[in-house]
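**Student:**
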Amino acid sequence: MDNQYDEDMTSPSGAENRPAPPSSLDLHGTHPQRKKLAAPEINLSLDQSEGSILSDDALDTPDDLDINVDDMDTPDEADSLDYAGHGNEQEWQESQQDTVGEPTEAIPEYTTEEERQDAKLWRTVIIGEQEHRIDMKCIGPYQRVISHGGYYGDLNAIIVFAACFLPDSNRDNYHYIMENLFLYVISTLELMVAEDYMIVYLNGATPRRRMPGLGWLKKCYHMIDRRLRKNLKSFIIVHPSWFIRTILAVTRPFISSKFSSKIKYVNSLAELSELIPMEYVHIPESIVKLDEKLKEAAEMDKLNSFLHGPEPASGQLETDKSLNASDS
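Residues 1 to 328 (the UniProt record's numbering) make up the sequence shown, in order.
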């Protein structure tokens, strides 16, 4: 249309045929009506085909983007959530399928035999209303330190404690062993004792490095239940050395006078047999040999006394030498 108008203005015939401009403004006259052009149909599809709002032709000018957004149909929130949930469920199902296809390592079953072995390695005991766990593996070689020696009188238990079975103090895990051994001794004592009882402490043939420390003995005394301390009728020490005598002399102020009165010293197994029945009392071989050596020394001392006259305290000196040799 613009091109036709330009040609009419430039051609001579067009200038002659063009009407003369009006000299006045006609306010009441009729005017030719403007021609109405139909708006092109808008396609709201998402593809960039011809006629689409997202096509390159439609994005040429900003005027073509004058669209009423309120009249457009949009998905509601429920539809969006349903779609999102469906997508997550589908992804989960796909991941499950992938997991099923992958090989997984089976968890080994905890067998009855393994449970039995673990029960042998650890023991749970209650001492003083507190629960403790004992490492039975570490104290395995030292469990012979305490044993049941039968009964005397009316079912009164005889508890035998052999110090020669204690661990050497130069071990790296000595304190750990003694801690577990202490719990084992106390818990075993509570199981063995029902009424009155006595303790036979076999001190002979025990090197100094195996002698329990003062703190360990004091802890044992305080951890023993009050019932056990009350029912203890006698504490017999067999083959006492000067070292054990010194320890008891030092600890005497810290223990009760009743407990001190229960301590008895026995210098030989024969003397012990006069106090208790020895049928079920297990005496280690090293202590038996020491007792025979001490017996021979005592007989030799008697013979010397008969031939050369009595020598004061000679028998006791010989006994102390033998015991000191076993302490080293």
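Don't be surprised by glycine CBs; every beta carbon is placed ideally from N, CA and C.
Would you check if the distance between the CB atom of ILE287 and the CB atom of ALA205 is smaller than 8 Å?
**Tutor:** Taking 8 Å as the Cβ cut-off, ILE287 and ALA205 qualify as a contacting pair.
**Student:** Could you tell me the alpha carbon to alpha carbon distance between PHE306 and MET300, rounded to whole angstroms?
**Tutor:** So the two alpha carbons sit approximately 10 Å from each other.
**Student:** Find out if the Cβ-Cβ distance for the pair ARG234, LYS258 is shorter than 8 Å.
**Tutor:** In the sequence on display, residue 234 carries Ser and not Arg. Cβ distance not < 8 Å, so SER234 and LYS258 don't count as in contact.
**Student:** According to DSSP, what are the bridge partners of ARG133?
**Tutor:** Answer by DSSP bridge pairing, in chain order: THR124.
**Student:** Could you check the C-alpha separation between GLU195 and ASN304 for me, to the nearest Å?
**Tutor:** Going from the Cα of GLU195 to the Cα of ASN304 covers about 47 Å.
**Student:** Which full runs of the beta strand (DSSP E) of 3+ residues lie inside the UniProt domain "CRAL-TRIO" (139-295), going along the chain?
**Tutor:** As far as the UniProt domain "CRAL-TRIO" (139-295) is concerned, its whole beta strand (DSSP E) runs of at least 3 residues are 146-152, 156-162, 197-202, 232-238, 263-266.
**Student:** Let me know if ILE126 comes out buried or exposed under the rule of 16 or more other beta-carbons within 10 Å of its beta-carbon.
**Tutor:** Flag for ILE126 reads exposed.
**Student:** Helix or strand or just coil, what does DSSP make of ASP56?
**Tutor:** Residue placement at ASP56 is poorly supported in this model, since its pLDDT is 48, which falls under 50; the coordinates are not used for a value here.
**Student:** Does the beta-carbon of ASP291 have 16 or more other beta-carbons within 10 angstroms, so that it is buried, or is it exposed?
**Tutor:** By the neighbour-count rule (16 or more Cβ atoms within 10 Å), ASP291 is buried.
**Student:** State the Cα-Cα distance for the pair ASP225 and ASN170, rounded to the nearest angstrom.
**Tutor:** So the two alpha carbons sit approximately 31 Å from each other.
**Student:** By a C-beta neighbour count over all protein chains shown, 10 Å radius and 16 as the cutoff for buried, is GLN48 buried or exposed?
**Tutor:** Low per-residue confidence applies at GLN48: pLDDT is 49, beneath 50, and the placement is therefore not dependable enough to give any value.
**Student:** Could you tell me if VAL250 is buried or exposed, where buried requires 16 or more neighbouring beta carbons within 10 angstroms of its beta carbon?
**Tutor:** Exposed is the call here.
**Student:** May I have the straight-line CA-CA distance separating HIS148 from SER241, to the nearest angstrom?
**Tutor:** Taking the straight line joining both Cα atoms gives about 24 Å.
**Student:** Buried or exposed: where does ASN203 fall if 16 or more other Cβ atoms within 10 Å of its Cβ makes it buried?
**Tutor:** Buried.
**Student:** Suppose contacts are defined by Cβ-Cβ distances below 8 Å. Is PRO167 in contact with ARG133 by that definition?
**Tutor:** No; because the gap between Cβ atoms is not below 8 Å, this pair is not in contact.
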